[in-house]
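Undergrad: Numbering (this note's numbering), first residue to last: 1307 to 1463. Here it is, the structure, as structure tokens.
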């Protein structure tokens, strides 16, 4: 498998991979919808994000995706999407994608990578803590309370 920068023309291949996984949106490992995987949705996310990485299998196509975007001040970035095909869960793909995002952020001087997870899903927070994140707190959003987790990008590499 190979990790590379995602491109806007990956949209259809990613949409097909997610569809084959019987999912309608990109989900993280705990089931929170992260990204509309219509071809237009993926193109839009890839165009707006500063850092997008795709993991591909030679025969299966896309098996993982990570997208991050910096805050306006550039000191922090938010992890917008992290998806691994369910057939590939537990193979270290999420960790590799987080490592690539961390490396790219560290190279640009970004000090913090932030992710949010539903507060009622402790397994989500545990996933990120296991990958080097620390809890920052909880915030209220239109969809409910979310735990905010952060990591220094250089620690993810």
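Glycine included, each C-beta is placed from N, C-alpha and C at the ideal position. For clarity, every value in this text was computed on a predicted model and none was experimentally measured.
1) Could you give the C-beta distance for residue 1439 and residue 1456, rounded to a whole number, given that I count them as a contact under 8 Å?
2) By a C-beta neighbour count over all protein chains shown, 10 Å radius and 16 as the cutoff for buried, is residue 1448 buried or exposed?
3) Could you tell me whether the region 1358–1376 touches the region 1400–1407, where touching means 3 or more Cβ pairs closer than 8 Å?
4) Quick one: residues in its chain with C-beta nearer than 8 Å to the C-beta of residue 1445, no 5 flanking neighbours on either side, listed in chain order?
5) Within 10 Å of its beta-carbon, does residue 1316 have 16 or more other beta-carbons around it, so buried, or fewer, so exposed?
6) Flag this pair as yes or no: are the beta carbons of residue 1375 and residue 1362 separated by less than 7 Å?
7) With 16 other CB atoms within 10 Å as the buried threshold, where does residue 1431 fall?
8) Would DSSP call residue 1450 helix, strand or coil?
9) Have a look at residue 1429 and residue 1394 and give me their C-alpha separation to the nearest angstrom.
TA: Looking at the coordinates:
1) Right, the Cβ-Cβ distance comes to about 6 Å (below 8 Å), so this counts as a contact.
2) Taking all protein chains in view, the Cβ of residue 1448 is surrounded by fewer than 16 other Cβ atoms within 10 Å, so the residue is classified as exposed.
3) Counting C-beta pairs with one atom in each stretch, the region 1358–1376 and the region 1400–1407 have three or more that are closer than 8 Å, which means they touch.
4) Only residues of its own chain outside the window of five on either side were considered, and among them 1422, 1451, 1452, 1454 have a CB closer than 8 Å to the CB of residue 1445, listed in chain order.
5) Buried is the label assigned to residue 1316, since at least 16 other Cβ atoms lie within 10 Å of its Cβ.
6) With contacts defined as CB atoms closer than 7 Å, residue 1375 and residue 1362 fail to qualify as a contacting pair.
7) Per the 10 Å Cβ criterion, buried.
8) Three-state DSSP puts residue 1450 in a strand.
9) When rounded, the distance between both Cα atoms is 18 Å.
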